[in-house]
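> Before we start, here is the structure in question, set down as structure tokens.
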Amino acid sequence: MKNLLDNSLRVHRAALNAQAYRQQLLASNIANADTPHYKARDIDFRSALQGVLDGRSGALALATTARGHMSGVQSNPLERFVKYRQELQSAVDGNTVNMDVERAAFAENSIHYEASVTFINGLLSGMQRAISGQ
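Quick note, the sequence shown lines up with residues 195 to 328 if you use my numbering.
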């Protein structure tokens, strides 16, 4: 039963994690809108989700030749999908954050996140009803 529940929620859990990470990136872009030379970053949600589902999002293992070497593990497996946003209009200070683009992406991602949460809640309540025999 546990495997059935895990398998049915695997895609939704991965999507929710990717959306939450994207929201952090977009919030960081907005917060650094006035920071000189800051480069706006984002992830391609589709490729990040596909990478997680294909198992390509795991941490890269670096070769260590001595016991004292630190591991090169990334803090978030989705970091490998982060790309710099295309610059639409150059700024004098080298900042590439376009507030209109960032606000629109933030709002769109928020809607997708809420939809994912609603869908997961519906799935879980449906399973709960099936288990209780209603």
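Every residue, glycine too, gets a C-beta built ideally from N, C-alpha and C.
Check Arg279 in the structure and name its three-state DSSP category.
Of the three classes helix, strand and coil, the one that applies to Arg279 here is coil, per DSSP.
> Put Arg323 into one of helix, strand or coil per three-state DSSP.
Helix, per DSSP.
> So, with DSSP's three-state summary, where would you put Asp238?
Coil at Asp238, not helix or strand.
> So, using beta-carbon positions, are Arg279 and Ala227 closer together than 8 Å?
No, they are not a contact pair.
> In whole angstroms, give me the CA-to-CA distance for Lys196 and Phe313.
Looking at the two C-alpha atoms, the distance is approximately 19 Å.
> Would Asn201 be called buried (16 or more neighbouring beta carbons within 10 Å of its own) or exposed?
Per the 10 Å Cβ criterion, exposed.
> For Asn303, which residues from the same chain have a beta carbon less than 7 Å from its beta carbon, with the 5 sequence-adjacent residues on both sides left out?
Around Asn303: Gln213, Arg216, Gln217, Leu220.
> Which of the three DSSP states, helix, strand or coil, is assigned to Lys196?
If DSSP states are grouped into helix, strand and coil, Lys196 belongs with the helices.
> Tell me whether the beta-carbon of Leu272 lies closer than 8 Å to the beta-carbon of Ile237.
Yes, the pair counts as a contact, with Cβ atoms nearer than the cut-off.
> What three-state label does DSSP hand Ser222 in the structure shown?
If DSSP states are grouped into helix, strand and coil, Ser222 belongs with the helices.
> Our contact map puts Met321 next to Leu199 with C-beta atoms below 8 Å; I'd like the distance itself, whole angstroms only.
Confirmed, Cβ separation roughly 7 Å.
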